[in-house]
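Undergrad: Have a look at the structure that comes next, please.
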Amino acid sequence: MKRRFRCPVQVKKELVVEVLSGYRTEVVARKYGMAPKTLSTWVRQYQDEVGDLMVKKRDEEEKTKQNAAKFKELEEKYDEAMKLLGQKELENSILRDLVKKKYPDWK
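Note that the sequence shown covers residues 2 to 108 in my numbering.
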């Protein structure tokens, strides 16, 4: 006897949203360990009720893209700052060496 895949209605709707947002039914079903036929049934059943979840998911994806862009920008700024810091440390080291050569008694 096959086991039934039981879950709350909210979870079913979230899986339907995943399918409706572009993922293949088979991929989503296997990801969660269920039969594709069950998920297809849920898609037909809850397709009209998931509009607000679709909007919410789309907003989350947009925020994720914006955060990724900000992260990339911050990463580039960090790399530039580290490069400048390395140059300044090298300049300080060179200046210390020059001072030590000119004034050997200096710390």
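All C-beta atoms in this analysis are idealised placements derived from N, C-alpha and C, irrespective of residue type, glycine included. From a predicted model like this one, the values you see are computed outputs, not experimental measurements.
Which same chain residues, not among the five before or five after MET55, have their C-beta less than 6 angstroms away from its C-beta?
TA: Stepping through the sequence shown from its first residue, residue 55 is reached at position 54. So the list reads VAL18, once near-sequence residues are dropped.
Undergrad: According to the neighbour-count rule (16 or more other Cβ atoms, all chains shown, within 10 Å of its Cβ), is ALA30 buried or exposed?
TA: Mapped onto the sequence shown, residue 30 falls at position 29. Answer is buried; the Cβ neighbour count reaches 16.
Undergrad: What do you reckon, are the CB atoms on SER94 and LYS58 nearer than 8 angstroms?
TA: Along the sequence shown, one-based indexing puts residue 94 at 93. Along the sequence shown, one-based indexing puts residue 58 at 57. Taking 8 angstroms as the Cβ cut-off, SER94 and LYS58 do not qualify as a contacting pair.
Undergrad: What residue from ARG7, ASP80 and ARG97 has the CA that sits closest to MET35's CA?
TA: For this step, residue 35 is matched to residue 34 along the sequence shown. Here the closest residue by C-alpha is ARG7.
Undergrad: Would DSSP call ARG45 helix, strand or coil?
TA: Along the sequence shown, read from residue 1 onward, the residue named residue 45 stands at position 44. If DSSP states are grouped into helix, strand and coil, ARG45 belongs with the helices.
Undergrad: Can you tell me where the alpha helix (DSSP H) holding GLU50 begins and where it ends?
TA: As a working note, residue 50 is residue 49 in the sequence shown. Element bounds for GLU50: n/a, residue is neither H nor E.
Undergrad: Around the Cβ of LEU75, are there at least 16 other Cβ atoms within 10 angstroms (buried) or fewer (exposed)?
TA: Here residue 75 refers to the residue found at position 74 of the sequence shown. Label assigned to LEU75: exposed.
Undergrad: Rounded to the nearest angstrom, what separates MET83 and ARG25 at their Cα positions?
TA: Indexing the sequence shown from 1 puts residue 83 at position 82. Indexing the sequence shown from 1 puts residue 25 at position 24. Near 44 angstroms, if we compare the C-alpha coordinates of ARG25 and MET83.
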